[in-house]
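Colleague: Encoded as structure tokens, here's the structure I'll be asking about.
Chains as they are written, first to last, in my numbering: chain A, 4 to 382; chain B, 4 to 536.
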């Protein structure tokens, strides 16, 4: 039934649906992306020309030289002149493609004279941005609710292509990216900017872009990086330099305020229920993809938390695992990398220690933000 | 001499029956049959995985599978198709056809031949059973990139061992094929008089011997990193994850030609038969295949343009990659010239081959687009690449296998296949293939990454189209299975030479050929290169 509906839908696809069916590269926002489109169009026309030259005669032969029409086969099987010709001519065609491509490669690789440098770090499964000039640093992760994905009914306007905090850049400035990773290979890709750069753990690679006009540009991780590969989008917001400067000041203020409120939060004493309900939300977004909503994990790939010795053992060890992660696995250093706040870490640990079959005896069942802050201070 | 004959009872037609026949056989025809059935089973299994992938991607949102299982599907679909379906199928063709086409009594090393085949089911068991071990099968892509591959469970070790076994099988098979071709040709058949299919396999076999050890080495290094504390691919110990990609693609790009050169051979055999005209430019065809093979060793980093290799390397690998278009173009031009002023008919094998010439060329065009580094930066790891390699590997390799099966099945079984069913299978396959894979070009251009279990709604329409095409494509292959079984079980007698325009030696034998053929070398009367007399 669903298949039939889908088929009918396809046949009756109205004009607006066709308008959505993009047939070419997205609208460019940088000079490089514009040049790439021009180059692609040029190569495509060459292909189209060759297509006609090759398949014109072929289909002519298939039509006119059929046995059914009584055509008698010729016996020729060699022609030195034409064979040399169709070896030499393609070389000239290739040179006509290679020349502009080489120019563009050199332009794309020229990362010098940048106005601003941003460090992009891939983690399983979010991006972390750090403005190297002033130390503004934050994690950017998928904002689409997990329930919407698992429910199979996308509703968000930018389903899977929305983040909690976009990368903000000024227009008209040369932004240099230094790209790396802490676990597996990711790839930072925003089509409208004409940038795709693999993030290689242990190595720093460079890329650059200069956005012409303000706008929001969306992309995704392009290198298979595990189960969250389809769920680590990239959103870049380009704004005029004045607005960007204001945004930056705001960030510094916000950072100061955040540290104040973090101190306040760290001093706050939350009840078990408060921690658990907050922890449940953090767990659903951050932990459930691997450890599963049931805490059962995926045998052989991701360990269960239900009945886990770490979760049911000493609080210090549990805190250490969440704060520092487990190197060589998808378990991130959620505290050390500031992916989760102290409050969130406290909440999620408390949630884990009091859920499913885990019933850690008091007082070890509650972790307060202050405990996390104290732990962090010792690191 | 009589002593030798006495100790080789199978020499005179008395061989065990039943299962023991297939387990102990050293006969190239039996082993060819085993390879072909094995690959057909793997083709259907790996195809079934593709159906599951397309079911999940039918519409946005996660409907059937969690990402962990989805990633297993994509990785295992690729590995099983490449190592289980395509490569063994071509070795099956080599086993059946090389001795028949060069007038040899059998392969050079018959017992080795038996072992080369029986290694395959062992590897297949390892690969398939890995779905049921804790953590499930390999989910890190068929390319097995570390560090992701290092994170995996026991299935990842099983896959490494399976690759070792498959590599061993390929190397032994390749050595056998090289030795057979170089030593067992009938008197008078000089290298430049060999059928073009034999030429393509000779070059393919050299590629296999050259690159399978590189893959074996690379996966062994993965195993060492996983369990023995080495850091070949781990920067924290002085290694480099990108180093694996260099090793893998040094294997991987020639591997692409391992899967396409024998397909070229099949096309170049079938096309002249149904055009009733000799292959145009035999000599330049041989040189074109050899040039492609040699160039395939110096293009590997075009799979790595976005890893951050320096501009100089990008430019070098772009130029060498573009250069491959020259010999590939020569092949296509020669095929068109072969058709020109022929006397053309459209039996099922010919339909497949004509479709290959068109669709493989489309795959060649998208390959040319991808060779241009700045464009590749946009398209690398998107559905455009998925479209590209299916145009080359399904429409090139898999469809040439199907065409070859229809072409030689009458010879192998002695029965004609059902032409009506064959044509139906062809049209369903050709149309469904394009409905499935052509939209993927647009998906890639619009920005859909490959290997994702869920996607943004703007990609929904083309994905649904691709899924519908895929379901038809998958179902059509059951018709292929039925048509093949029907032909094996019976049908109109084929006669020695059912194809009017066929010229190679196998058609001088009865259909099916005797269990031991060419025990006396045939006389080769050809003056000019094969088929030009």
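We put the CB at the ideal spot given by N, CA and C, even for glycine.
Between the stretch 265 to 283 of chain B and chain A, which residues of the former have CB atoms less than 8 Å from a CB of the latter, in chain order?
Modeller: 278, 279, 280, 281, 282, 283
Colleague: What are the residues that DSSP puts in a beta bridge with residue 224/A?
Modeller: 191/A
Colleague: In chain A, what lies closer than 9 Å to residue 285/B by C-beta?
Modeller: 80, 81
Colleague: Does the count of Cβ pairs from the stretch 317 to 330 of chain B and the stretch 366 to 382 of chain B closer than 8 Å reach three?
Modeller: yes
Colleague: Let me make sure I understand the geometry here. Which of 430/B, 285/B, 366/B has the alpha-carbon closest to that of residue 350/B?
Modeller: 430/B
Colleague: So if DSSP puts residue 69/B in a beta bridge, which residue, or which two residues, is it bridged to?
Modeller: BP columns for residue 69/B are empty, so no partner.
Colleague: For residue 361/B versus residue 45/A, is the C-beta spacing smaller than 8 Å?
Modeller: no
Colleague: For a contact defined as C-beta to C-beta under 8 Å, what are the partners of residue 321/B on chain A?
Modeller: 101, 104, 105, 108
Colleague: Looking only at its own chain, which residues have a Cβ that is under 7 Å from the Cβ of residue 101/B, when we skip the five neighbours before and after it?
Modeller: 180, 183, 184, 201, 204
Colleague: Around the Cβ of residue 266/A, are there at least 16 other Cβ atoms within 10 angstroms (buried) or fewer (exposed)?
Modeller: exposed
Colleague: Are the C-beta atoms of residue 367/A and some chain B residue less than 8 Å apart?
Modeller: For residue 367/A, the answer is no, since every Cβ of chain B falls outside 8 Å of its Cβ.
Colleague: Below 8 Å between beta carbons is the criterion; list the residues of the stretch 305 to 317 of chain B that meet it against any residue of chain A, in chain order.
Modeller: 309, 310, 311, 313, 314, 317
Colleague: Considering only C-alpha positions, which residue in the set 435/B, 419/B, 507/B, 474/B is nearest to residue 492/B?
Modeller: Ranking 435/B, 419/B, 507/B, 474/B by Cα distance to residue 492/B puts 419/B first.
Colleague: On the criterion of 16 or more Cβ atoms from any shown chain inside 10 Å, does residue 397/B qualify as buried, or is it exposed?
Modeller: buried
Colleague: Put residue 518/B into one of helix, strand or coil per three-state DSSP.
Modeller: coil
Colleague: Given that a residue counts as buried once 16 or more other Cβ atoms are within 10 Å of its Cβ, and exposed if not, what is residue 119/B?
Modeller: buried
Colleague: For the stretch 301 to 312 of chain A, which residues have a CB atom closer than 7 Å to at least one CB atom of chain B, in sequence order?
Modeller: Those would be 301, 302, 303, 304, in chain order.
Colleague: Taking C-beta to C-beta, are residue 279/B and residue 346/B nearer than 8 Å?
Modeller: yes
Colleague: Within 8 Å, do at least three Cβ pairs link the stretch 122 to 142 of chain B to the stretch 96 to 113 of chain B?
Modeller: Contact fails: fewer than three Cβ-Cβ distances are below 8 Å.
Colleague: What residues are listed by DSSP as bridge partners for residue 202/A?
Modeller: 189/A
Colleague: Looking at the structure shown, is residue 159/A part of a helix, part of a strand, or coil, going by DSSP?
Modeller: coil
Colleague: If you follow the beta strand (DSSP E) that residue 124/A is in, where does it begin and where does it stop?
Modeller: 119 to 126
Colleague: Starting from residue 608/B and walking both ways along the alpha helix (DSSP H), at which residues does that stretch end?
Modeller: No answer is possible for residue 608/B: it lies beyond the span of chain B, which begins at 4 and ends at 536.
Colleague: Does any residue of chain A bring its CB to less than 8 Å from the CB of residue 128/B?
Modeller: no
Colleague: What is the C-beta distance between residue 166/A and residue 146/A, in whole angstroms, given that I count them as a contact (C-beta under 8 Å)?
Modeller: About 5 Å; that satisfies the 8 Å criterion.
Colleague: If you drop the 5 nearest sequence neighbours on each side, which residues of the same chain put their C-beta closer than 6 Å to that of residue 112/B?
Modeller: Cβ neighbours of residue 112/B beyond the five flanking positions: 179.
Colleague: Going by DSSP, what residue range makes up the alpha helix (DSSP H) through residue 199/B?
Modeller: 199 to 230
Colleague: Along the alpha helix (DSSP H) that carries residue 2/B, what are the first and last residues, could you check?
Modeller: Shown here, chain B extends from 4 to 536; a query on residue 2/B therefore has no answer.
Colleague: Cα-Cα, which of 290/B, 263/B, 265/B, 163/B is closest to residue 90/A?
Modeller: 290/B
Colleague: Please classify residue 210/A: does DSSP put it in a helix, a strand, or coil?
Modeller: strand
Colleague: So if I threshold CB-CB distances at 7 Å, which residues from the stretch 399 to 428 of chain B count as touching chain A?
Modeller: none
Colleague: Taking just the CA atoms, how far does residue 344/B sit from residue 86/A?
Modeller: 17 Å
Colleague: Per DSSP, which one or two residues make a beta bridge with residue 28/B?
Modeller: Partner(s): none; residue 28/B has no beta bridge.
Colleague: Along chain C, in chain order, which residues have C-beta atoms closer than 7 Å to that of residue 384/B?
Modeller: Structure shown: chain C not included; protein chains present are A and B.
Colleague: Express the C-alpha separation of residue 66/A and residue 74/A in angstroms, rounding to a whole number.
Modeller: 10 Å
Colleague: I need the DSSP call for residue 382/A, collapsed to helix, strand or coil.
Modeller: coil
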